[in-house]
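321 is the number that our numbering gives to position 319 of the sequence shown; each next residue is one higher, with no gaps. Worksheet for the structure shown next.
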Amino acid sequence: MPWDFETEPEFQQKLDWMRSFIDEQLIPLEPMLGRAPAEEWALVKRHLQQQVKAQGLWACHLDPALGGPGFGQMKLALMHELIGRCPYSMEIFGNQAPDSGNSELLATGANEAQKERWLWPNIAGTLRSAFALTEPFEAGADPTRLRTTARRDGDDWVIDGHKWFCTNGSFADFIIVMAETNPEGRPYQHASMFVVEKGTPGLNIVRDIPTMREPDPVFGELGNHAEILFESCRVPAENLIGNPGDGFILAQKRLGGGRIHHAMRWIGLAKRALEITCERAVSRESHGRRLADHQMVQGFIFDSRSEIEAARLITFQAAWKMDRVGARAARADISMAKATASRMLLAVLDRGIQVCGALGYSGDLPLEEWYRTNRFGPIGDGPDEVHKVVVVKDTLKGIEPVEGWPTAHIPSRREASQRDFAQLLQEARRSTS
Ligand SMILES: Cc1cc2nc3c(=O)[nH]c(=O)nc-3n(C[C@H](O)[C@H](O)[C@H](O)COP(=O)(O)OP(=O)(O)OC[C@H]3O[C@@H](n4cnc5c(N)ncnc54)[C@H](O)[C@@H]3O)c2cc1C
């Protein structure tokens, strides 16, 4: 069948289980987040994670060789749409960033000893990881502009540099660090990745950075973003992932699927924000009618629903292409999905806050927190502007310039059109006479 908007019945059953588990067990616990003592929360989390594991839905982004089901991106996209409904459900389903991307990276680039030491415990959730690429003064939107270096010294590598926005950097058991090792290999073969374990001398976590989501972070908490100085930080040669110069090849592997999953989670959250918006719109009255009966509010609801659907279809198409032709060939589609879904979510949340009025602006509803938390979307994982450039380059590929009038210029096409029409007219007359 060429077009089908349904998935296989057995997989739909899994999705149905996920939907009720998330809506009936995870969402009701949201108001306890950050309030329950850490050890009690850890216990509850383990109990919930066990239910996910029993369903065979734990860390589903992984290949079968790593204990995952090998669902492919299309099915993962459907799962992440549901996971997105509740921001902490990534932790419960074992695909929280940055661990999910890091485990994919280690699966691709690490040798057997490295897998034993870091990958398997990372997948099991007993060792948590972070990823340090971005720097305050150079590498950012252009990650190739690294200043952090690693130089070989005997059996060790010595890392020096300044990183920031390393998510979970102050919490993680190990950090995968991107550093320059081979300046002649620019632009894409000059960097390498190293595992730096917590407590390594020279790994100096300066602070957790205050953000829109968390203006007053408690140092070392999950979800914070660390600023880090590597000061003559010495790691053994066996901490290098892959070969010297492989850093960007490995980094690309880490990001393709992850971007689709991000986009689908944003779509899932946007849908939930629209549900909250609509419930308020039919429940509150103003100027003699329900909010939902005012045309401008209807306009908000129309815009949100249609933008969600558009982003959803773009993202599904990217997932479908990834499954068919691989991440490289689907690059522009992945970028389109990322840049469309990130802004769509903010627009839907903003309209939701507006429709809910002061209540929407308040912490009594989750909309304002979701807005602050997800404002990173258009910046992180490559700013949207860079993704737009990818899409535009792809769109312009093969388009040739023309001299003079555009090929669609009607007066210049008229003569040929008249000739074609006269010929068709003649044939039509013959066939009807
Ligand atoms: C919440 C959060 C978590 C993060 N987690 C991590 C992490 O775990 N590890 C990690 O290494 N990094 C992480 N980052 C960093 C993230 O990857 C970078 O923020 C991102 O790559 C952009 O880099 P920058 O912020 O330095 O922006 P800059 O490079 O300073 O760019 C600033 C702006 O300039 C514009 N711009 C830049 N280049 C172009 C271009 N070519 N065309 C048009 N406009 C352009 C864009 O508007 C861009 O937003 C995180 C960031 C956030 C916000």
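The beta carbon of each residue, even a glycine, is placed where N, CA and C say it ideally should be.
Spatial distance of residue i from residue j (CA atoms)
i, j, result
"ARG291", "LEU276", "20 Å"
"THR158", "GLU182", "It should be noted that the sequence gives Asp, not Thr, for residue 158. Roughly 15 Å separates the two Cα atoms."
"LYS2", "ILE243", "Nothing about residue 2 can be read from this structure; the chain reaches only from 3 to 435."
"TYR352", "TYR373", "Just to set this straight, residue 352 is Asp in the shown sequence, not Tyr. Their Cα atoms are separated by approximately 7 Å."
"ALA239", "TRP120", "15 Å"
"GLU387", "ARG37", "38 Å"
"HIS227", "GLU402", "46 Å"
"ILE161", "ASN206", "12 Å"
"ARG130", "THR409", "58 Å"
"GLN428", "ARG416", "18 Å"
"THR150", "GLY156", "19 Å"
"GLY260", "ILE412", "46 Å"
"VAL46", "LEU17", "22 Å"
"PRO138", "PHE167", "9 Å"
"ASP175", "LEU224", "12 Å"
"ASP218", "ALA61", "31 Å"
"ILE336", "LEU426", "45 Å"
"LEU367", "LEU35", "14 Å"
"TRP43", "TRP122", "24 Å"
"SER419", "THR434", "22 Å"
"LEU315", "MET81", "15 Å"
"GLY142", "LEU135", "8 Å"
"GLN14", "PRO33", "29 Å"
"ASP295", "GLN53", "43 Å"
"PHE423", "GLY301", "45 Å"
"GLU405", "GLN319", "36 Å"
"SER288", "SER22", "34 Å"
"ASP6", "GLN297", "34 Å"
"ALA109", "PRO30", "35 Å"
"SER211", "GLY384", "It is worth fixing the name first, because residue 211 is Ile in this sequence and not Ser. Distance between the alpha carbons of ILE211 and GLY384 is about 19 Å."
"ASN113", "GLU93", "27 Å"
"SER91", "PRO66", "22 Å"
"HIS430", "HIS264", "Per the sequence presented here, residue 430 reads as Ala, with His not at that position. Cα to Cα, the separation comes out at about 56 Å."
Classification of residue i by the beta-carbon crowding that lies within 10 angstroms, buried from 16 upward
i, result
"VAL393", "buried"
"VAL237", "buried"
"PHE95", "buried"
"MET266", "buried"
"THR169", "buried"
"VAL350", "buried"
"LEU84", "buried"
"HIS49", "exposed"
"LYS323", "buried"
"THR397", "exposed"
"LYS399", "exposed"
"PRO89", "buried"
"THR128", "exposed"
"LYS165", "buried"
"GLY354", "buried"
Integer Cβ distance of residue i from residue j, believed to fall under 8 Å
i, j, result
"GLY1", "PHE133", "The structure shown does not extend to residue 1, since the chain is modelled only from 3 to 435, so the question has no answer here."
"PHE196", "ASN241", "5 Å"
"GLU233", "GLY270", "Not really, about 42 Å apart at Cβ, beyond 8 Å."
"ALA341", "LYS390", "6 Å"
"THR9", "ARG215", "Between ARG215 and THR9 the Cβ distance is about 33 Å, and since that is not below 8 Å, they are no contact."
"VAL69", "HIS63", "Looking at the sequence itself, residue 69 is Gly, so the reference to Val does not match. Not confirmed; about 11 Å, so no contact."
"VAL179", "VAL198", "5 Å"
"LEU369", "ILE278", "7 Å"
"GLU371", "GLY365", "7 Å"
"ALA202", "CYS235", "Residue 202 is actually Thr in this sequence, not Ala. Contact flag correct, Cβ pair sits at about 6 Å."
"ALA339", "ILE262", "6 Å"
"LYS255", "GLU106", "7 Å"
"ARG87", "ARG274", "5 Å"
"SER194", "ALA152", "6 Å"
"TRP479", "GLN51", "Since the displayed the chain opens at 3 and closes at 435, residue 479 lies outside it and no answer follows."
Residue i at chain D interface by Cβ criterion, 9 Å
i, result
"ILE316", "The structure shown contains no chain D; it is built from a single protein chain."
Any contact of the stretch 235 to 253 with the stretch 181 to 200, i.e. 3+ C-beta pairs under 8 Å?
Judged by Cβ distances under 8 Å, the stretch 235 to 253 makes contact with the stretch 181 to 200, as three or more pairs qualify.
Quick check: the stretch 75 to 93 against the stretch 313 to 333, are at least 3 beta-carbon pairs closer than 8 Å?
Result yes; three or more Cβ-Cβ pairs closer than 8 Å.
Closer than 8 Å is the cut-off here; do at least three beta carbon pairs connect the stretch 269 to 289 with the stretch 355 to 362?
Flag = yes, the stretch 269 to 289 and the stretch 355 to 362 touch.
Between the stretch 88 to 104 and the stretch 341 to 348, are three or more C-beta pairs nearer than 8 Å?
With the cut-off at 8 Å, the stretch 88 to 104 and the stretch 341 to 348 do not touch.
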